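Engineer: Provided herewith is a single structure, encoded as structure tokens, for subsequent inquiry.
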Amino acid sequence: MNTVVIVVLIVAILLVLIGVFVAATYNGLVSLRNRVNDQWSQIDVELKRRFDLIPNLVNTVKGYAKHESETLENVIKARNTYLSAGSREDALKADNELTGAITKLFALAESYPELKANENFSNLQSQLMDTENKISYARKFYNDTALQLNNKIEMFPSNIIAGMFHFTKVEFFKAEETERQNVKVEF
178 MNTVVIVVLI
188 VAILLVLIGV
198 FVAATYNGLV
208 SLRNRVNDQW
218 SQIDVELKRR
228 FDLIPNLVNT
238 VKGYAKHESE
248 TLENVIKARN
258 TYLSAGSRED
268 ALKADNELTG
278 AITKLFALAE
288 SYPELKANEN
298 FSNLQSQLMD
308 TENKISYARK
318 FYNDTALQLN
328 NKIEMFPSNI
338 IAGMFHFTKV
348 EFFKAEETER
358 QNVKVEF
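Spelled out as structure tokens, the structure:
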């Protein structure tokens with residue numbers, strides 16, 4: 178009788194330990210998934226701020242660079258593509274396009290000294306650059322959190338719990354191939 182009680186106690190303790198492990202691992206995965214979603218929301222907040230600045234910036238540039246309509250249209254097109262993105266992956270791709278279009282817009286402004294001297298343009302450019310920095314930091318935090326979640330989903334033994342509860346890896350923000358190329362500067 179003593180042996181049976183000891184075996185039952187050992188089995189009960191093992192079941193409790195397994196239950197605690199499963200619960201702790203599941204809760205850790207949920208916490209990381211929620212942090213990834215929170216970081217994505219932080220990026221979204223900054224992107225919203227960027228989108229609110231873009232029409233004002235484009236309108237300011239229009240007054241000085243009327244014949245540069247293609248660049249201005251590309252900025253608006255990239256902005257609208259992001260706004261209509263259906264998934265996180267589409268949004269990541271559209272955001273990269275928008276970043277490139279804004280870079281070209283600032284390069285265009287270099288050709289117009291009177292535009293660079295415009296106080297409204299300088300203010301908008303400064304706000305947009307500040308927003309770009311915030312977006313950059315938010316992307317970094319998002320990628321760090323996504324890495325933690327992806328590691329937990331892939332590493333043993335948490336990968337067993339992740340598979341049981343259908344946790345999936347998330348995409349990272351990454352630079353497009355065109356953004357990795359050297360910038361050509363001519364004087």
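Numbering (this note's numbering), first residue to last: 178 to 364. Ideal Cβ positions, reconstructed from N, Cα and C, are used throughout, including at glycine. Owing to the predicted nature of the structure, the values given are computational and were not obtained by experimental measurement.
1) Answer yes or no: do T322 and L285 have a C-beta to C-beta separation smaller than 7 Å?
2) Which first and last residues belong to the alpha helix (DSSP H) in which K270 is found?
3) Ordered along the chain, which non-local residues of its own chain (more than five positions away) have a Cβ less than 6 Å from that of V213?
4) Tell me the DSSP secondary structure of A262 in three-state form.
5) Given that a residue counts as buried once 16 or more other Cβ atoms are within 10 Å of its Cβ, and exposed if not, what is Y319?
6) Would you kindly work out how many angstroms separate the C-alpha atoms of N211 and F344, rounded to a whole number?
7) Within its chain, find whatever has a CB closer than 6 Å to the CB of N233; leave out the 5 residues flanking it on each side and keep chain order.
8) With respect to the alpha helix (DSSP H) encompassing E309, which residues constitute its N-terminal and C-terminal limits?
9) Report yes if the C-beta distance between A294 and V252 is below 7 Å; otherwise report no.
10) For V188, which residues from the same chain have a beta carbon less than 7 Å from its beta carbon, with the 5 sequence-adjacent residues on both sides left out?
11) Between D215 and the rest of its own chain, which residues show a CB-CB distance below 6 Å, the 5 nearest in sequence each way excluded?
Structural biologist: Quick look at the numbers:
1) no
2) 265-286
3) T322, A323, L326, V347
4) coil
5) buried
6) 12 Å
7) L301
8) 296-331
9) no
10) none
11) none
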